[in-house]
Amino acid sequence: MKTISVRTTTDQNLIEFLGDQEYEVTEAGAEGGLTVYAVRRSEEEQPVFMWRTDGLLAFRAVLGAEDNIPEEKRSAFYRKALDVNTEIKPLAVGLDTESDPAIFVVEAALTYTNLDASEVLSLLNAFDVHLETVVNPILEEFL
């Protein structure tokens with residue numbers, strides 16, 4: 001008889017799972033009573049920050065302060081950033097005005113009820129690709 005495979009699923013701690021997938025996960029601090037983690041594949045890579053809030057697992061990459069973009073280029077930058085958001089992606093470029101100074105971010109969220117491993121890995125991969133191929137080139141154009 002040929003070997004027959006059975007697919008099984010097991011529950012695993014998210015931090016341990018990411019470590020098993022060769023991500024470095026470090027505690028980056030706390031914000032509003034929530035523990036924030038930095039997730040990346042290597043020290044050279046831009047971290048994606050991750051935390052749990054209100055039924056969601058939130059992710060954010062910080063791109064830089066609004067003040068870093070010359071004032072005369074900001075409206076063109078805003079238009080390009082908004083244009084990026086018209087593409088169907090699991091991520092969005094935004095401006096966090098609660099920070100001082102305001103910062104540009106890329107954000108995404110997943111519900112953590114019945115969280116699937118492929119959802120997490122796909123989202124982190126989308127951050128890598130989106131930052132490298134879309135967002136960082138736009139930033140370089142305006143900085």
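Letter by letter, the sequence shown follows residues 1 to 143 in this note's numbering.
Where is the CB? At the ideal position from N, CA and C, for every residue including glycine.
Distance CB(residue i)-CB(residue j) smaller than 7 Å
| i | j | result |
| --- | --- | --- |
| Arg74 | Glu107 | no |
| Ala117 | Ala58 | no |
| Ile15 | Val6 | no |
| Ile138 | Lys80 | yes |
| Tyr37 | Ala28 | yes |
Residue i to residue j span [Cα, whole Å]
| i | j | result |
| --- | --- | --- |
| Tyr112 | Arg52 | 8 Å |
| Glu45 | Val84 | 22 Å |
| Thr9 | Glu87 | 33 Å |
| Lys2 | Asp11 | 29 Å |
| Leu143 | Leu95 | 16 Å |
| Leu82 | Leu18 | 31 Å |
| Val62 | Ile4 | 46 Å |
Residue i burial status per 10 Å Cβ neighbour count (16 or more: buried)
| i | result |
| --- | --- |
| Leu124 | buried |
| Pro70 | exposed |
Residue i, DSSP secondary structure in three states
| i | result |
| --- | --- |
| Gly19 | helix |
| Ala102 | coil |
| Arg41 | coil |
| Val25 | strand |
| Thr133 | helix |
| Leu143 | coil |
| Arg74 | helix |
Item to check | Segment contact, 8 Å Cβ cut-off, at least three pairs: the region 66 to 82 with the region 90 to 108 | outcome: yes
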